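Only one structure is covered here, and it is reproduced in the block below.
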Amino acid sequence: MNGTQLREFRKQLLTWFREFQRPLPWRKSRDPYRIWISEIMLQQTRVAAAIPYYERFLERFPDVQALAEAPQEEVLRMWSGLGYYSRARNLQKAAQQMVALHKGEFPHTWEAASSLPGIGDYTAAAILSIAFGEKDAVLDGNVARVLARLEAVRGDLRETKRWRELQKTAEKVLDPTAPGDWNQAMMELGAMVCTPRSPQCLLCPVSRFCKARKLGLVERIPEKRAKRTAVEVTLVAAIFMNARGETLLLPPPSMARKRDADDVPSLVSRMWHFPTLSAAKDPLIALRELIRIFKIAGKAPMHALCKVRHTVTYRKVSIFPFRILVRKLPGVQGSQTIPLHAISSCPVSNLTRKIAQAALE
Ligand code: SF4
Numbered sequence: 179m180n181g182t183q184l185r186e187f188r189k190q191l192l193t194w195f196r197e198f199q200r201p202l203p204w205r206k207s208r209d210p211y212r213i214w215i216s217e218i219m220l221q222q223t224r225v226a227a228a229i230p231y232y233e234r235f236l237e238r239f240p241d242v243q244a245l246a247e248a249p250q251e252e253v254l255r256m257w258s259g260l261g262y263y264s265r266a267r268n269l270q271k272a273a274q275q276m277v278a279l280h281k282g283e284f285p286h287t288w289e290a291a292s293s294l295p296g297i298g299d300y301t302a303a304a305i306l307s308i309a310f311g312e313k314d315a316v317l318d319g320n321v322a323r324v325l326a327r328l329e330a331v332r333g334d335l336r337e338t339k340r341w342r343e344l345q346k347t348a349e350k351v352l353d354p355t356a357p358g359d360w361n362q363a364m365m366e367l368g369a370m371v372c373t374p375r376s377p378q379c380l381l382c383p384v385s386r387f388c389k390a391r392k393l394g395l396v397e398r399i400p401e402k403r404a405k406r407t408a409v410e411v412t413l414v415a416a417i418f419m420n421a422r423g424e425t426l427l428l429p430p431p432s433m434a435r436k437r438d439a440d441d442v443p444s445l446v447s448r449m450w451h452f453p454t455l456s457a458a459k460d461p462l463i464a465l466r467e468l469i470r471i472f473k474i475a476g477k478a479p480m481h482a483l484c485k486v487r488h489t490v491t492y493r494k495v496s497i498f499p500f501r502i503l504v505r506k507l508p509g510v511q512g513s514q515t516i517p518l519h520a521i522s523s524c525p526v527s528n529l530t531r532k533i534a535q536a537a538l539e
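Yeah, the sequence shown ends on 539 if you go by this note's numbering, and it's all consecutive.
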């Protein structure tokens, strides 16, 4: 694009964005704290799913100070259901660093922002441009796809060299007079018009600048990446129940350094969970092992519940849950006793939620 085309391109996209952008709750504010929370939530979560969490989270933790001071359990509880819990843990660590090093404020410089836990190049650029008007261009999968189509870039976009080129293109096209709006406009175009499948080129405000469209390559860009092969994992979970309808939850486990696909701590997202074991060979053998570990009497009534399915990145997990009625719940250090129906009041992963649901049904 020459200078005149670039000016026209920017004008078209910004005008479209200002007229048609979705009225999302985080767009009402330039508060870096709010923008930061929304950006982290949106990293692995769809907009519609993130909105209620965003609102509840801000109600409970209205500023950096409140987040930094909260018990981690409480932060995880407010995140419970969103998945990828390292995001919540990093949010709180970053809030604590902001209190310790930046007077409780989001730092204004790239170096300081990107050195906070959980804040990579993309998130730093998004927050600094939207909140402070810094001229930092964002590049994530959405924006990369848009740029690759505009420039008809072939090959795997995530390859280091190609990604760097895309970053340079993102910086070149960024409108320096409105970097925050510009970055959001690029993201909005990727989310609403230039979508991964069936992009709506007829409605695209910048279609006349698009090389992929001219060359008939829209459906071929970006090129498909080789998918990691799915791995099947089988687990057995014990829902011990006493006569009062209470069950036993084990505390968040620590993560092993080297993880296997069936590593229970990572599958329960290091959250509160039911006693669970990998059942690589036979679920009944794993069940017997659980009964032995928790010293359950051999004649305790047991019911096999419906199989639960869950996916964690490349792992397809099948869980065989068993409800085991006991007179007294096993005593385990650090564990908690909780009514089964109240499990959501505790920070648990979606996998644990699904098991609880199977037991309640
Ligand atoms: Fe994307 Fe189509 Fe617009 Fe090109 S014309 S940027 S492919 S929506």
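No residue lacks a Cβ here, since even glycine has one placed at the ideal position from N, Cα and C.
These numbers come from a predicted model, not from an experiment.
Practice prompt. Kindly indicate which three-state DSSP category Thr454 falls into: helix, strand or coil?
Written response: For the purposes of this step, residue 454 is taken as the residue at position 276 of the sequence shown. In the three-state reduction of the DSSP assignment, Thr454 falls in the strand class, which pools E and B.
_Taking DSSP's pairing of strands, which residues face His280 in a bridge?_
Within the sequence shown, the letter at position 102 stands for residue 280. Answer by DSSP bridge pairing: none, since His280 is not bridged.
Residue closest to Leu426, alpha-carbon to alpha-carbon, out of Arg448, Gln514, Leu352: One-based indexing of the sequence shown puts residue 426 at position 248. Nearest C-alpha to Leu426: Gln514.
_Check whether Ala439 and Pro499 have beta carbons under 7 Å apart_ = Translated into the one-based positions of the sequence shown, residue 439 becomes position 261. Translated into the one-based positions of the sequence shown, residue 499 becomes position 321. Cβ distance not < 7 Å, so Ala439 and Pro499 don't count as in contact.
From what residue to what residue does the beta strand (DSSP E) around Gln514 run?
Stepping through the sequence shown from its first residue, residue 514 is reached at position 336. Run containing Gln514: 514–517, per the beta strand (DSSP E) assignment.
(request) Return the bridge partner residues of Val409 from the DSSP annotation. (result) Looking up residue 409 in the sequence shown gives position 231. Beta-bridge partners assigned by DSSP to Val409: Arg493.
Counting Cβ pairs, one atom from each stretch, are 3 or more of them under 8 Å apart for the stretch 234–243 and the stretch 486–506?
Not touching, per the Cβ criterion.
- Query: Does the stretch 404–420 come close enough to the stretch 484–498 that 3 or more CB-CB pairs lie under 8 Å?
  - Reply: Contact holds: three or more Cβ-Cβ distances are below 8 Å.
Inset, instruction - Just the C-alpha distance for Thr355 and Pro429, rounded to the nearest angstrom, thanks. - result: The residue given as residue 355 occupies position 177 in the sequence shown. The residue given as residue 429 occupies position 251 in the sequence shown. Using only the alpha carbons, I get a separation of about 50 Å.
*Would you be able to state if there are at least three C-beta pairs under 8 Å between the stretch 275–290 and the stretch 251–266?*
These segments do not touch.
Measuring only the C-alpha atoms, how far is Leu455 from Val277?
In the sequence shown, residue 455 corresponds to position 277, counting from 1. In the sequence shown, residue 277 corresponds to position 99, counting from 1. Approximately 40 Å, taken between the alpha carbons.
Checklist entry - Is it right to say Tyr300 is buried, meaning 16 or more other beta carbons lie within 10 angstroms of its own, or is it exposed? => result The sequence position of residue 300 within the sequence shown is 122, counting from 1. Tyr300 counts as buried, since at least 16 other C-beta atoms from the protein chains shown sit within 10 angstroms of its C-beta.
On the DSSP letters alone, give me the boundaries of the alpha helix (DSSP H) that Met219 sits inside. Here residue 219 refers to the residue found at position 41 when the sequence shown is read from its first residue. Counting along the chain, the alpha helix (DSSP H) containing Met219 begins and ends at 210–220.
* Identify, in the order they occur along the chain, each residue of the same chain with its Cβ nearer than 7 Å to the Cβ of Pro249, setting aside the five sequence neighbours on each side. => Taking the sequence shown and counting its residues from 1, the one referred to as residue 249 is at position 71. If we look at Pro249 and ignore the five residues flanking it on each side, it has no Cβ neighbours.
With respect to the beta strand (DSSP E) encompassing Glu467, which residues constitute its N-terminal and C-terminal limits?
Residue mapping note: residue 467 aligns to position 289 of the sequence shown, counting from 1. From DSSP, Glu467 is part of no beta strand (DSSP E) but of the alpha helix (DSSP H) over 461–471.
### Message
Which same chain residues end up closer than 7 Å to Arg406 when comparing Cβ atoms and leaving out the 5 residues on each side of it in sequence?
### Response
For the purposes of this step, residue 406 is identified with residue 228 of the sequence shown, where counting begins at 1. The residues are Tyr492.
Exposed unless 16 or more other CB atoms sit within 10 angstroms - verdict on Asp359
Your numbering for residue 359 matches position 181 in the sequence shown. It is buried - the Cβ of Asp359 has at least 16 other Cβ atoms within 10 Å.
message: Contact defined as beta carbons within less than 8 Å: I believe Ala330 pairs with Lys389. What is the distance between those atoms, to the nearest angstrom?
response: Mapped onto the sequence shown, residue 330 falls at position 152. Mapped onto the sequence shown, residue 389 falls at position 211. At roughly 4 Å, the Cβ-Cβ gap stays under 8 Å, so Ala330 and Lys389 are in contact.
### Message
What does the Cβ neighbour count give for Ala540, buried or exposed, with the cut at 16 atoms within 10 Å?
### Response
Limits of the chain in this structure are 179 at one end and 539 at the other, which puts residue 540 out of reach.
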